[in-house]
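Visitor: Per this note's numbering, residue 81 is the first one in the sequence shown, and the count goes up by one each step. Here a beta-carbon is modelled for each residue, glycine too, at the ideal position from N, C-alpha and C. Below you will find the structure I want to go over with you.
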Amino acid sequence: MNNHGDSSAGAEASRDKTTTTTPHAGTSSDQYVDKCVVPNGTTIQEELEDLRRARERARRDRESAEGVYVNTEGRLAVLDGVERDYPTTKKTYDDAYPQLRRDQDNFTDYLDCEESNLKTRLGSAAAQVHRLVEDRDRKSRQLERAFVEATKEVQQTSAPFEALNEAIKKRTAELNAWKNLTATVTAQHAELKKFRDDINKARDGGKYALAYGLLVMAKSKREEHAGGPHLVEPSKVHQEFHVAGEKLVKAQRRLASAQRDLETSKAVLAAVTKDLEEHRKTSEARLRVELVEITPADDGASSAGAGGSPPGSAGSSQDDGGPGQDGGDPPPDDDAAAAETNMKGGNGHA
Numbered sequence: 081m082n083n084h085g086d087s088s089a090g091a092e093a094s095r096d097k098t099t100t101t102t103p104h105a106g107t108s109s110d111q112y113v114d115k116c117v118v119p120n121g122t123t124i125q126e127e128l129e130d131l132r133r134a135r136e137r138a139r140r141d142r143e144s145a146e147g148v149y150v151n152t153e154g155r156l157a158v159l160d161g162v163e164r165d166y167p168t169t170k171k172t173y174d175d176a177y178p179q180l181r182r183d184q185d186n187f188t189d190y191l192d193c194e195e196s197n198l199k200t201r202l203g204s205a206a207a208q209v210h211r212l213v214e215d216r217d218r219k220s221r222q223l224e225r226a227f228v229e230a231t232k233e234v235q236q237t238s239a240p241f242e243a244l245n246e247a248i249k250k251r252t253a254e255l256n257a258w259k260n261l262t263a264t265v266t267a268q269h270a271e272l273k274k275f276r277d278d279i280n281k282a283r284d285g286g287k288y289a290l291a292y293g294l295l296v297m298a299k300s301k302r303e304e305h306a307g308g309p310h311l312v313e314p315s316k317v318h319q320e321f322h323v324a325g326e327k328l329v330k331a332q333r334r335l336a337s338a339q340r341d342l343e344t345s346k347a348v349l350a351a352v353t354k355d356l357e358e359h360r361k362t363s364e365a366r367l368r369v370e371l372v373e374i375t376p377a378d379d380g381a382s383s384a385g386a387g388g389s390p391p392g393s394a395g396s397s398q399d400d401g402g403p404g405q406d407g408g409d410p411p412p413d414d415d416a417a418a419a420e421t422n423m424k425g426g427n428g429h430a
């Protein structure tokens, strides 16, 4: 019983020391607490730094693990779908492949034969056809690239705008906290008092690790308060209030600039999108009209009159205006490649 009484008396004395001890003259309460030595021989301040570093490492590890999990989950879902759908895909394609192969070969043969016949009839005018088709394709590629770039620009200007929106909320909350400084500090003290009561309770109950952990959290919370509106000398309130207002004004100015950038990039994207959609809808029809207006050159086979064989027939002649005549056609290999490209582009080509 005597030991228990001594222990209780010691605990009471310890509590009195914790709650009423006054630092020596010239030493702030923060400095006094920071110099307290914990059981492992370090100061509370050193322990706080260690905990902050450990928390940062844990945060990075958690984000890395979450990223790995999300990537793995997505990859698993895709590959599961591939394996699930493959048997059906394979059977359907195996059944259709023979006919698809014949159709492909027939079309390739047709293009090769018809290219020769039409170039013979057009003569040097075939080069003009190439230019028109290539101009359309080049315009398509330019608009596609412009669309991609405009989309990237919108994404890049959206990020600062969204971040500044969050900054505006934070600065507004800080200004309101300085405006209502009495209520702000009172709420902070209530939070710290709750920590103090919990620390004392844990210490008196012999739960020293819990008490110390709560103490570390209380110091961290106090530092968090010091980073924003907090207890200051009355003579400094106006200055702090004014600084908070200036921060909000600057954030609003940056937000306005970011908003203009975002609106500009969105307008560019809208214009590019409109041009691209218009090109996709009408460019082939316009090209067909222009192609109809092209007549065979004088060196083409059609200038010989109506006696020529129809295009693609066995009797088609390449005597007049064939490759190598004045105003010559593009090299055969290039023509074949261009024709194949145009065939692939077909209707609906961008």
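Smallest Cα separation from Ala350: which of Asp165, Asp215, Leu223, Asp278?
Guide: The shortest C-alpha separation from Ala350 is found at Leu223.
Visitor: May I ask you to report which of helix, strand or coil DSSP gives Thr188?
Guide: Thr188 falls in the helix class under three-state DSSP.
Visitor: Using 8 Å as the Cβ pair cut-off and three pairs as the minimum, do the region 124 to 140 and the region 285 to 300 touch?
Guide: Yes, the region 124 to 140 is in contact with the region 285 to 300.
Visitor: What are the boundary residues of the alpha helix (DSSP H) that includes Thr264?
Guide: Its alpha helix (DSSP H) spans residues 261 to 284.
Visitor: Taking DSSP as the reference, what is the three-state secondary structure of Thr123?
Guide: Three-state DSSP puts Thr123 in a strand.
Visitor: Does DSSP classify His359 as helix, strand or coil?
Guide: Looking at His359 - three-state DSSP - the assignment turns out to be helix.
Visitor: Applying the 10 Å Cβ sphere with the 16-neighbour rule, what's the burial state of Leu295?
Guide: That one is buried.
Visitor: If you count every other CB in all the chains shown that lies within 10 Å of the CB of Gly307, and 16 or more means buried, which is it?
Guide: Under this definition Gly307 is an exposed residue.
Visitor: Between which two residues does the alpha helix (DSSP H) harbouring Leu290 extend?
Guide: That run of the alpha helix (DSSP H) goes 288 to 306.
Visitor: In whole angstroms, give me the CA-to-CA distance for Ala226 and Thr169.
Guide: Their Cα atoms are separated by approximately 36 Å.
Visitor: Compute every distance between the C-beta of Ala247 and the non-hydrogen atoms of the ligand NAD, then say whether any falls below 7 Å.
Guide: Ligands in the displayed structure: none, and consequently the ligand NAD is not present.
Visitor: Does the region 247 to 260 touch the region 284 to 292, meaning 3 or more C-beta pairs lie closer than 8 Å?
Guide: The answer is no - the region 247 to 260 does not touch the region 284 to 292, with fewer than three Cβ pairs under 8 Å.
Visitor: So what does DSSP say about Val372, is it helix, strand or coil?
Guide: In this structure, Val372 counts as helix in the three-state DSSP scheme.
Visitor: Under the assumption that Thr237 contacts Ala338 (Cβ atoms under 8 Å), give the Cβ distance between them as a whole number of angstroms.
Guide: Between Ala338 and Thr237 the Cβ distance is about 7 Å, and since that is below 8 Å, they are a contact.
Visitor: Smallest Cα separation from Lys354: which of Ala205, Glu373, Ala243, Ser220?
Guide: Considering only alpha carbons, the answer is Ser220.
Visitor: Is Arg203 helix, strand or coil by DSSP?
Guide: The question names Arg, yet the displayed sequence has Gly at residue 203. Gly203: coil per DSSP, three-state reduction.
Visitor: Does DSSP put Leu311 in a helix, in a strand, or in coil?
Guide: The answer is coil: DSSP assigns Leu311 none of H, G, I, E or B.
Visitor: Is Ser345 buried or exposed, if buried means 16 or more other CB atoms sit within 10 Å of its CB?
Guide: Under this definition Ser345 is a buried residue.
Visitor: Enumerate in chain order the residues of its own chain whose CB-to-CB distance from Arg334 is below 6 Å, with the five nearest sequence positions on each side excluded.
Guide: Cβ neighbours of Arg334 beyond the five flanking positions: Leu244.
Visitor: If you check the beta carbons only, do Ala239 and Pro376 fall under 8 Å apart?
Guide: Cβ atoms of Ala239 and Pro376: not closer than 8 Å.
Visitor: In whole angstroms, what is the alpha-carbon distance linking Arg340 and Arg211?
Guide: Rounded to whole angstroms, Arg340 to Arg211 spans 41 Å at the Cα level.
Visitor: DSSP on Ala145, reduced to helix/strand/coil?
Guide: Ala145 falls in the helix class under three-state DSSP.
Visitor: Mind reading off the beta-carbon distance from Glu303 to Val312? Whole number of angstroms is fine, and I expect it under 8 Å.
Guide: Not confirmed; about 15 Å, so no contact.
Visitor: Quick check on Ala347: does DSSP put it in helix, strand or coil?
Guide: Helix at Ala347.
Visitor: Can you tell me which of Glu242, Ala263, Leu202 puts its alpha carbon nearest to the alpha carbon of Asp379?
Guide: Of the candidates Glu242, Ala263, Leu202, the one whose C-alpha sits nearest the C-alpha of Asp379 is Leu202.
Visitor: Under three-state DSSP, which class holds Ala138?
Guide: Helix.
Visitor: Round the Cβ separation of Ser363 and Arg216 to the nearest angstrom and send it over; I've been treating them as touching at under 8 Å.
Guide: Rounded, the Cβ-Cβ distance is 5 Å, consistent with contact.
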